[in-house]
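Asks: Quick one: this structure, given as structure tokens, is what I'll be asking you about.
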Amino acid sequence: MSLFNNLIVKMAIATTILLSSAVAYADFNHSSWDALLDKHVTMTSAGKASVVDYAGMQADKSKLSSYLSATSKVTQSEFNRWNKDEQLAFLINVYNAATVELVLTKYPNIKSIKDIGSLLSSPWKQDFIPLLGKTRSLDDIEHNLIRGSKRYNDPRIHFAVNCASIGCPALLDDAFTGNKLDKQLEQVTSKFLADSSRNRLKGSTLEVSPIFKWYKEDFATNWRGTNNLEGFLGRYSSSLGLNKSQAADLKSGKTKISYTDYDWRLNKK
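Next comes the structure, spelled out in structure tokens:
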């Protein structure tokens, strides 16, 4: 082989390797899910909450099914090659899209997602989501793949995954993406905490969503230096509407924390 031909072969090999690497680390294309969210989700209360047009989602069910079919084709080895933010964005989107799909199996004949299933099989424990080589439940995605893996260690996921209920943090009208994930997680967390219908200071007591009671341990994992719930909430003192003195009391543990009721009614438009 001539020197010139040898050089061409080497360049071709190098190009192939670079392209393979780019594909492996490219963010999954969530544009079809993003389009559904943009069309059928309406942000309310200045972005602190949202409602879903489930009738519209039902009309576009084939597009939702197509998106979830695409996510089901991602292999574990492909997923493992993505960076952490791309992985987490993918899992959040699948969880939220699958939740909408589950609601549509009974809509319009339900008032709450809790109407789906039975005492022995809650909606979150039903195995219906083909993902990463297994058929999974919503609980499996949230508690095993996201929380249980310890890879992500980000308590803000609790304001990103959506349970189709009014009491739940808003379903964002954009798909989560790896390159915007931190900004998006910060947005949904700040907006949720700013919602005084679910989080507010009354006298010396801070009343917050029961999400903080159910997953209290997730807010004590040294995420960005916060080792307890008070420390996490203190990071968002401005969203909670606290002044400097109130924020200091919260961080020092002087503020009593209690929990509001959770509204399980469907977040329908």
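In short: position in the sequence shown from 1, add 53, done, that's our numbering.
For each residue, glycine too, the CB sits at the ideal point set by N, CA and C.
#1: Three or more beta-carbon pairs under 8 angstroms between the segment 292-305 and the segment 239-257, yes or no?
#2: Would you kindly work out how many angstroms separate the C-alpha atoms of Gln299 and Ser311, rounded to a whole number?
#3: Based on the DSSP output, what are the partners of Leu184 in its beta bridges?
#4: Report the residue ranges of all alpha helix (DSSP H) runs contained in full by the segment 109-151; include only those spanning at least 4 residues, in chain order.
#5: Please name the residue in Phe229, Ser262 and Arg277 whose C-alpha comes closest to that of Gly84.
#6: If you drop the 5 nearest sequence neighbours on each side, which residues of the same chain put their C-beta closer than 6 angstroms to that of Ile169?
#7: So for Lys297, helix, strand or coil by DSSP?
#8: Could you tell me which whole beta strand (DSSP E) segments of length 3 or greater appear in the segment 224-300?
#9: Give me the residue from His196, Arg134 and Asn197 with the minimum Cα distance to Phe81.
#10: If we count the other Cβ atoms within 10 Å of its Cβ and call it buried at 16 or more, is Phe181 buried or exposed?
#11: First and last residue of the alpha helix (DSSP H) that includes Ala92?
#12: Determine the burial state of Arg200: buried for a count of at least 16 other Cβ atoms within 10 Å of its Cβ, exposed for fewer.
#13: Met110 and Val153: beta carbons closer than 8 angstroms?
#14: From what residue to what residue does the beta strand (DSSP E) around Lys309 run?
#15: Should Gly220 and Thr128 be called a contact, given that it needs their Cβ atoms to be closer than 8 angstroms?
#16: Below 8 angstroms between beta carbons: does that hold for Trp317 and Ser165?
#17: Rounded to whole angstroms, what is the Cα-Cα separation between Lys137 and Pro208?
#18: Going by other Cβ atoms of all chains shown within 10 Å of its Cβ, with 16 needed for buried, is Ser74 buried or exposed?
#19: Is the separation between the beta-carbon of Gln117 and that of Leu89 shorter than 8 angstroms?
#20: Would you tell me roughly how many angstroms separate the C-alpha atoms of Trp86 and Ser115, rounded to the nearest one?
#21: Identify every residue that forms a DSSP beta bridge with Thr97.
#22: Below 8 angstroms on the Cβ atoms is my guess for Ser103 versus Ala223; work out the distance and round it to an integer in Å.
#23: By the 10 Å Cβ neighbour count, where 16 or more other Cβ atoms means buried, how is Ala151 classified, buried or exposed?
#24: Under the assumption that Thr258 contacts Lys309 (Cβ atoms under 8 angstroms), give the Cβ distance between them as a whole number of angstroms.
#25: What is the DSSP secondary structure of Leu173, reduced to helix, strand or coil?
#26: Label Phe57 either buried or exposed according to how many other C-beta atoms from any shown protein chain fall within 10 Å of its C-beta, with 16 as the threshold for buried.
#27: Do you know offhand how far Ala123's Cα is from Pro183's?
Replies: Straight from the coordinates:
#1: Taking a cut-off of 8 angstroms for Cβ pairs, the segment 292-305 and the segment 239-257 touch, as three or more such pairs fall below it.
#2: Computed Cα separation, rounded: 16 angstroms.
#3: In the DSSP assignment, Leu184 is bridged to Lys187.
#4: Counting only runs of 4+ residues, the alpha helix (DSSP H) found wholly inside the segment 109-151 occupies 114-125 and 129-134, in chain order.
#5: In the sequence on display, residue 84 carries Ser and not Gly. The candidate whose alpha carbon is nearest that of Ser84 is Phe229.
#6: Closer than 6 angstroms at Cβ, skipping near neighbours: Lys159 and Pro176.
#7: Judged by DSSP in its simplified three-state form, Lys297 adopts helix.
#8: Restricted to the segment 224-300, the beta strand (DSSP E) segments that are unbroken, complete and at least 3 residues in length are 253-255 and 258-261, listed in chain order.
#9: Residue Arg134 is the option with its Cα nearest to Phe81.
#10: Label assigned to Phe181: exposed.
#11: Residue identity differs from the one stated: residue 92 is Lys in this sequence, not Ala. From DSSP, the alpha helix (DSSP H) with Lys92 extends over Ser84 to His93.
#12: Residue environment: Arg200 is assigned as buried (16 or more neighbouring CB atoms within 10 Å of its CB, all protein chains considered).
#13: Yes, these two residues count as a Cβ contact at 8 angstroms.
#14: Segment Lys309 to Tyr312, the beta strand (DSSP E) holding Lys309.
#15: It is not a contact, given that the beta carbons lie outside the stated cut-off.
#16: The Cβ-Cβ distance between Trp317 and Ser165 falls below 8 angstroms.
#17: Distance between the alpha carbons of Lys137 and Pro208: 15 angstroms.
#18: Any reading at Ser74 needs caution, since the residue's pLDDT is 40, under 50, leaving its predicted position unreliable; the model's value is listed next. Exposed.
#19: The identity of residue 117 in the sequence shown is Leu, whereas the question assumes Gln. Judged by beta-carbon spacing, Leu89 lies within the 8 angstroms limit of Leu117, meaning their Cβ atoms are closer than that value.
#20: Between Trp86 and Ser115, the alpha-carbon positions lie close to 12 angstroms from each other.
#21: The bridge partners DSSP lists for Thr97 are Ala102.
#22: About 4 angstroms; that satisfies the 8 angstroms criterion.
#23: Counting Cβ neighbours within 10 Å, Ala151 comes out buried, since at least 16 surround it.
#24: Thr258 to Lys309, Cβ: 5 angstroms. Contact.
#25: Three-state DSSP puts Leu173 in coil, outside helix and strand.
#26: In this predicted model, Phe57 has a pLDDT of only 47, less than 50, meaning its place in the structure is not dependable enough to derive any value.
#27: Going from the Cα of Ala123 to the Cα of Pro183 covers about 10 angstroms.
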